[in-house]
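Notes follow the structure.
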């Protein structure tokens, strides 16, 4: 700190500290703390705020476990009906499908990142990367919207599959519980580049001689990747996984464009609290649950891949 | 290296992947020119410009575009100085305090947009500042400043601190040193940060959705059109945006290749 004053003088130093403090305190820490505090308060009319009824309670969180609805599952031909708290179910589904989307994206991207970093002729690479950047720069909205067109009933995908004779009746990609397949297709397409670029960057920094050495010493394809290449690009993989999971779990556009009211996403429940029920405190509690989940995912990734926080956020 | 056949398979796979990424965008652009009530390319009902005309005549789109531009400029104006100041501060610290400050600055990037939006909305509501685009600016700045900070910090790492010492030793004031030595070194990163901040703001949906109140931005307007019924005029908008992106990417590539050629010519001359 004294180094800072010596180098930049008090005026500049205080300005820098002031700007950073405004950012971190007023825009980040205090709003997050406020969100946490408000999530424990009841939702009251303005006149009763700070009144006798305004006390801390857990109801905003407990409501996640109430409102049981009968859910029917087909297990081995038999249909089983279990009463399940609907919000908890949506939360669970959101986490499971977000993990699945992250895993799918990882599996699809790994060979491409390897190919771009180590196999693709250097002369072709700039053009390839330029073409990749186009979908990245076109916004998240437009990327999900393109699949809204493709998956629509009697849309291009159905017509192509029908003319190839693969299907006869149109598939309701985004209807009912099928909506989750619409969401998966959308999540993978919309967020895949957030996995590819960190992984590609990590792989380019690997010395090709190490790969050759592994081959010369008799490592097969699987061993070469598992023992040499994967460990090297752990930071890239961790960074990609964290980004894709976070974007998937908190996505609003993909589920609203590519799913039905029957296949809901946790963010849509939050939105319902905020804009339909107008219970902002329950909305705050649910938002905090989402934040907690994402933080937990980051922590798990850091442990699993044994990388630091700075490696993940680049 | 591995045997040739595996390389051929890998490269073929990479090209299939490229087609997978680009084909949906081509389909979307195609739908903008299809004379059909629904946004689709098949069945093809003939070529038309009418969706562009409909887009042009949509007053809400123009209002939303103006809002988007103002929000994005405000976000740039806030996040560039904040991010630059944050980078200079974090760069001059060491040890635990640096780690802690850095982690706090990065946290908003890893926070879901809905959480950023709701926490900002609730916080300012307590001070009687109702939802509106000004709250959206604050919500967006909270994480976009972190992108600017990362870009400036990366540039600061290649800065030779001895230059600052030299300037001060030769009698420059602190402000002169900042203006003549440090900032000129940082300008490329600051400019890139400003461009990134602008586009991040334009495409933001989640944080804006929760904070915007009754106002609307382009992304939010299109996103919410799903419920009221989508016409192919949205495809026309998409086609325009993709067109701008392609032009931008080509310009960027031309600049990059010119610079590369210049550098090579310079090397050859030496």
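Chains as they are written, first to last, in our numbering: chain E, 1 to 314; chain G, 315 to 584. Ideal Cβ positions, reconstructed from N, Cα and C, are used throughout, including at glycine.
Neighbour-count burial assignment, residue i, 16 or more Cβ in a 10 Å radius
i	result
residue 83 of chain E	exposed
residue 240 of chain E	buried
residue 271 of chain E	buried
residue 385 of chain G	buried
residue 87 of chain E	buried
residue 315 of chain G	Confidence is the limiting factor: at residue 315 of chain G the pLDDT is only 47, short of 50, which leaves the residue's position unreliable, though a coordinate-based value still follows. Its Cβ having fewer than 16 others within 10 Å, residue 315 of chain G is exposed.
residue 198 of chain E	buried
residue 126 of chain E	exposed
residue 28 of chain E	buried
residue 66 of chain E	exposed
residue 223 of chain E	exposed
residue 558 of chain G	exposed
residue 500 of chain G	buried
residue 538 of chain G	exposed
residue 160 of chain E	exposed
residue 315 of chain E	Only positions 1 to 314 of chain E appear in this structure, which leaves residue 315 of chain E out of reach.
residue 478 of chain G	buried
Residue range of the alpha helix (DSSP H) that includes residue i
i	result
residue 90 of chain E	86-114
residue 219 of chain E	From DSSP, residue 219 of chain E is part of no alpha helix (DSSP H); its letter is neither H nor E.
residue 305 of chain E	280-305
residue 10 of chain E	2-21
residue 364 of chain G	364-370
residue 483 of chain G	475-483
residue 48 of chain E	Premise fails: residue 48 of chain E is in no alpha helix (DSSP H) and is neither H nor E.
residue 572 of chain G	547-583
residue 436 of chain G	427-440
residue 373 of chain G	373-405
residue 268 of chain E	266-275
residue 34 of chain E	30-38
Chain E contact residues for residue i, given Cβ-Cβ distances below 8 Å
i	result
residue 368 of chain G	Correct list: empty, because the minimum Cβ distance to chain E is about 17 Å.
residue 548 of chain G	145
residue 341 of chain G	146, 149, 150 and 156
residue 492 of chain G	8 and 12
residue 565 of chain G	The premise fails here: residue 565 of chain G is roughly 11 Å from chain E at the closest Cβ pair, so nothing lies under 8 Å.
residue 540 of chain G	148, 256 and 257
Reference residue i, options the options, closest by Cα
i	options	result
residue 53 of chain E	E/42, E/60 and E/61	E/42
residue 188 of chain E	E/107, E/127 and E/280	E/107
residue 131 of chain E	G/345, G/535, G/320 and G/567	G/567
residue 102 of chain E	E/245, E/206, E/283 and E/85	E/245
residue 329 of chain G	E/129, E/70 and E/7	E/129
residue 514 of chain G	G/353, G/569, G/390 and G/378	G/390
residue 502 of chain G	G/331, G/520, G/469 and G/401	G/469
residue 63 of chain E	E/250, E/40 and E/211	E/40
residue 308 of chain E	G/337, G/373, G/379 and G/414	G/414
residue 7 of chain E	G/403, G/573, G/420 and G/552	G/403
residue 292 of chain E	E/32, E/26, E/119 and E/165	E/32
residue 387 of chain G	G/519, G/509 and G/536	G/509
Contact set between residue i and chain E, taken where Cβ atoms lie within less than 9 Å
i	result
residue 488 of chain G	7, 8, 9, 10, 11, 12 and 13
residue 328 of chain G	111, 112, 115, 116, 119, 120 and 128
Where residue i meets chain G, residues with beta-carbon distance less than 7 Å
i	result
residue 38 of chain E	436
residue 230 of chain E	Chain G residues near residue 230 of chain E: none, gap ~16 Å exceeds 7 Å.
residue 32 of chain E	433
Partners in chain E for residue i, counting only beta-carbon separations shorter than 7 Å
i	result
residue 416 of chain G	310
residue 331 of chain G	112
residue 575 of chain G	Those do not exist, as residue 575 of chain G stays about 13 Å from chain E at its closest Cβ, beyond 7 Å.
residue 480 of chain G	Those within 7 Å of residue 480 of chain G in chain E number zero; the least Cβ separation is about 12 Å.
Contact list for residue i against chain G, beta-carbon separation under 9 Å
i	result
residue 189 of chain E	334, 335 and 338
residue 304 of chain E	By Cβ distance, chain G contributes nothing, its closest Cβ being about 16 Å from residue 304 of chain E, past 9 Å.
Chain G contacts made by the region 1-13 of chain E, where a contact means CB separation under 8 Å
1, 3, 4, 7, 8, 9, 11 and 12
Pull out every residue of the region 279-296 of chain E whose Cβ sits closer than 7 Å to any Cβ of chain G, in chain order.
280, 283, 284, 287, 290, 291 and 294
When Cβ atoms are compared, which residues of the region 347-367 of chain G fall closer than 8 Å to chain E?
352, 353, 354, 355, 356 and 357
Pull out every residue of the region 130-143 of chain E whose Cβ sits closer than 8 Å to any Cβ of chain G, in chain order.
130, 131, 132, 133, 134, 135, 137, 138, 139, 140, 141, 142 and 143
When you check each C-beta in the region 418-433 of chain G against every C-beta of chain E, which residues fall closer than 9 Å?
418, 419, 420, 421, 422, 423, 424, 425, 426, 427, 428, 429, 430, 431, 432 and 433
In chain order, what residues of the region 255-271 of chain E put their CB closer than 7 Å to some CB of chain G?
256, 257, 267 and 270
Of the residues that make up the region 498-510 of chain G, which ones have a beta carbon closer than 9 Å to any beta carbon in chain E?
none
Any residues in the region 518-537 of chain G with a beta carbon nearer than 7 Å to a beta carbon of chain E? Which ones, in chain order?
519, 520, 523, 524, 533, 536 and 537
Selection of the region 196-211 of chain E by Cβ proximity to chain G, strictly under 7 Å
none
Tell me which residues of the region 215-240 of chain E have at least one Cβ-Cβ distance to chain G shorter than 9 Å, keeping chain order.
215, 221 and 224
What are the residues in the region 455-469 of chain G lying within 8 Å of chain E by C-beta distance?
455, 456, 459 and 464
Cβ-based contacts, 8 Å cut-off: residues of the region 368-395 of chain G near chain E
395
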